[in-house]
Amino acid sequence: HWPNINGVATFGRNLAHGLAADGHDVLVIAPSQTGKKYEEIDRNHRIMRTSSVIFPFYQNFRISISPYKEVKRIVEDFEPDVIHVQTPAGIGLAATNVAKKFGLPLVATNHAMPENLIDNLRLLAPFSRPINYILKQLGTRFYNNADFVTLPTEAAIGMLKGDSFHAPYMAISNGIDLTRFSPGGVPDEIYGRFNIPRGKKIILYVGRLDAEKHVSVLIRAAKRVVQESDNVHVVIVGKGTDMENLQNLVERLDMQDHVTFTGRVEDEDLPYFHRMG
């Protein structure tokens, strides 16, 4: 969850803000950013942070290893009408067990495939096939506990579904805040600050630069495009564990004049980059 920057964290925070703005009383349970439990306010809703430790294998997330008692106490105090879980482990697993204990309706959203996680754990790559199988079976068992399952795309449903998956489900888009992300102009200052050429067609990537995103495919494809037309420039927005490899690839392909890495940008600049693309 926020302040981590990734798709799942952004979705959860946007959903909480949107539900609260629509008049619902929203409480988020998420791992502590300091290790110790505490409560905070995020604009229009509360976040209860549970005790956590650093997960060193993946983006240095903080995770709550055994949060059942904390989650149970929080749910008892809040008395929710519905519990919505975002992950099949840690707090998500604890909240699922609490929902079953108290007979509360449970919605679960699946955000990731096991293959994406293993892509980033290089030491486990030789064992990826059996690990992916085990994780998929565990995920199916987890989501079968829900009263309703949502996934962001029809393709994601196809990857999760199997003979043993029987929970009701629906593809529901993560959604876009159209008050922020809409067509319009881009200030010259944005082009200048990030040294992006004017007058060229911009191919845009915004997101984490980790192995699972396969941004190298985009760069190799762009190499073929610029060989046919010099009127194209690639802008890659974000940071991640694969950034150095991608920058080296750009150099090996002699694409330095055709690719710009902006790094992580301020949230208020993101709409301009989308307009630019």
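Quick note on the working numbering: the sequence shown kicks off at 1 and runs consecutively. We put the CB at the ideal spot given by N, CA and C, even for glycine. These numbers were taken from a predicted model, which means no experiment stands behind them.
Over what stretch of residues does the alpha helix (DSSP H) that includes residue i continue unbroken?
i: M159; result: 154-160
i: E228; result: 215-228
i: L270; result: 270-276
So, at 7 Å on beta carbons, what are the nonlocal neighbours of residue i in its own chain, with the 5 sequence-adjacent residues on each side left out?
i: R208; result: N6, G238, G240
i: G92; result: V85, Q86
i: I202; result: H233, V235, M276, G277
i: L249; result: S216, I219
In the structure shown, what three-state DSSP assignment does residue i receive?
i: A95; result: helix
i: I176; result: coil
i: T262; result: strand
i: R252; result: helix
i: L104; result: coil
i: E189; result: helix
i: L151; result: strand
i: V26; result: coil
i: R73; result: helix
Could you pull out every residue in the same chain whose Cβ sits closer than 6 Å to the Cβ of residue i, ignoring the five residues on either side in sequence?
i: I172; result: T150
i: R275; result: G184, V186
i: V226; result: V232, H258
Just reading off the beta strand (DSSP E) that residue i is part of, what are its end residues?
i: F11; result: No beta strand (DSSP E) contains F11, which is instead part of the alpha helix (DSSP H) from 7-21.
i: H84; result: 83-85
i: K201; result: 201-206
i: D42; result: 38-42
Looking only at its own chain, which residues have a Cβ that is under 8 Å from the Cβ of residue i, when we skip the five neighbours before and after it?
i: V71; result: I29, T50, I91, A94, A95, V98
Query raised in the report: Hey, is the region 143-151 in contact with the region 162-177, meaning 3+ C-beta pairs nearer than 8 Å?
Result: Touching, yes.
Report task. Would you check if the region 240-251 and the region 209-219 touch, i.e. whether three or more CB-CB distances between them fall below 8 Å? Result -> Cβ pair count under 8 Å is three or more, so yes.
Report task. Please confirm if the region 7-24 is in contact with the region 99-107, defined as three or more CB-CB distances below 8 Å between the two stretches. Result -> No: the two stretches stay apart, fewer than three of their Cβ pairs being nearer than 8 Å.
Query - Cβ pair count under 8 Å reaching 3, the region 27-42 against the region 60-80 - result: These segments touch.
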